[in-house]
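Only one structure is covered here, and it is reproduced in the block below.
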Amino acid sequence: VLSYLKYNFFLSKRYFMKEIIFDFGDFIIDAELNESPTSQALYDQLPIDGVSQIWGDEIYFSTSISMENDEWAKETVELGDIAFWPPGSAICLFFGETPISAPGEIRPASPTNIMGKINGDLDKLKSVSGGAEVKVKKK
Numbered sequence: 015v016l017s018y019l020k021y022n023f024f025l026s027k028r029y030f031m032k033e034i035i036f037d038f039g040d041f042i043i044d045a046e047l048n049e050s051p052t053s054q055a056l057y058d059q060l061p062i063d064g065v066s067q068i069w070g071d072e073i074y075f076s077t078s079i080s081m082e083n084d085e086w087a088k089e090t091v092e093l094g095d096i097a098f099w100p101p102g103s104a105i106c107l108f109f110g111e112t113p114i115s116a117p118g119e120i121r122p123a124s125p126t127n128i129m130g131k132i133n134g135d136l137d138k139l140k141s142v143s144g145g146a147e148v149k150v151k152k153k
């Protein structure tokens, strides 16, 4: 019975997760969105284009999405998190510390809405320069 419940929980989580792609031209990173309202707003607008900006080990780019902090908002994030930063209407990809991170944490400029996780090689994101174009699309 327990394995049946675990399997059904796994299937239910997979059902809610939406797969997307971040295309930086030279490489593609796969990701999965969670079931948050901000994730749904992004998914509904795909495909979108952006221009990368770099802040420490964070890539962010502005979008036309307008959302306030939701119940998924956090002051610190985890490695590989995809988040939305309401003050800048920006999608953020976290692959390491930001300039205001304390040791052992990853801290955005202000609380961000957690939207999902990057599945690809985070080290590839270190090669992205400010001004690089990014396309986000459904997988």
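First residue of the sequence shown: 15, per the working numbering; consecutive thereafter. Heads up, the beta-carbon is just placed ideally off N, CA and C, and yes, glycines get one too.
Provide the residue span of the beta strand (DSSP E) that contains residue i, from first to last.
i: I132; result: 126-132
i: A97; result: 95-99
i: F108; result: 104-108
i: K151; result: 147-152
How long is the line joining the alpha carbons of residue i and residue j, rounded to whole angstroms?
i: M31; j: I114; result: 30 Å
i: I62; j: T90; result: 26 Å
i: Y74; j: F98; result: 9 Å
i: W69; j: K151; result: 23 Å
i: Y18; j: G130; result: At Y18 the pLDDT is 48, less than 50, meaning the model places this residue with poor confidence and gives no usable figure here.
i: Y57; j: F36; result: 12 Å
i: W86; j: G110; result: 20 Å
i: V148; j: G134; result: 15 Å
i: V142; j: S66; result: 8 Å
Let me check understanding here. Comparing Cα to Cα, which of the options lies closest to residue i?
i: P101; options: K88, M81, E85; result: M81
Assuming residue i contacts residue j under a Cβ cut-off of 8 Å, what Cβ separation, rounded to an integer in Å, is found between them?
i: T112; j: I120; result: 6 Å
i: I128; j: N48; result: 7 Å
i: Q59; j: I42; result: Q59 to I42, Cβ: 19 Å. No contact.
i: T126; j: K153; result: In fact, because the Cβ distance is near 23 Å, the residues do not count as touching under 8 Å.
Every unbroken alpha helix (DSSP H) inside the stretch 33-82 [4 residues or more]: Correct list: 51-59.
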